[in-house]
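Read through the structure below, which is laid out as structure tokens, and then see the notes.
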Amino acid sequence: MSETNPGKTTAIVAYITIVGCLIAITMNMEPKNAFARFHTRQAFGIHVLFHALAILLTYSGIVYLALPIYIFYFVLWIFGFLQVLNDQMKPLPVLGEYFQKWFTFIP
């Protein structure tokens, strides 16, 4: 059994909406798992970025950017989810390294 398998369920839960991400944070409190922590930070970053951009677009009235943002979110989500399924810890393109630095409060 590899070291990543115990945290795989937690990592999968993290990618299922922002609520799933919050549940994954509590699931990884004890015992802590580096694989789950990595993917929880990546998923949290994806969800927060999506919600922040959605709020920004809503109040700015720039409707034509909605579709590209949904596509960007979906591509990042698929990339991260496939990383979990393949037991890999590659950061997301462009933003993954920043998510690891910014969300150090996630255990």
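Okay, so the sequence shown: first residue is 4 according to this note's numbering, each after it adds one. All residues carry an ideal CB built from backbone N, CA and C; glycine is no exception.
About 7 angstroms separates the beta carbon of Y18 from that of V87, a gap short enough to meet the 8 angstroms contact definition. Here the region 97-109 lies against the region 34-48, with 3 or more beta-carbon pairs under 8 angstroms apart. The three-state secondary structure of E100, taken from DSSP, is helix. Here the region 79-97 makes contact with the region 48-57; the two share three or more CB pairs at distances below 8 angstroms. DSSP places N8 within a helical segment (H, G or I) once states are collapsed to three.
DSSP places Q45 in the helix class (H, G or I) of the three-state scheme.
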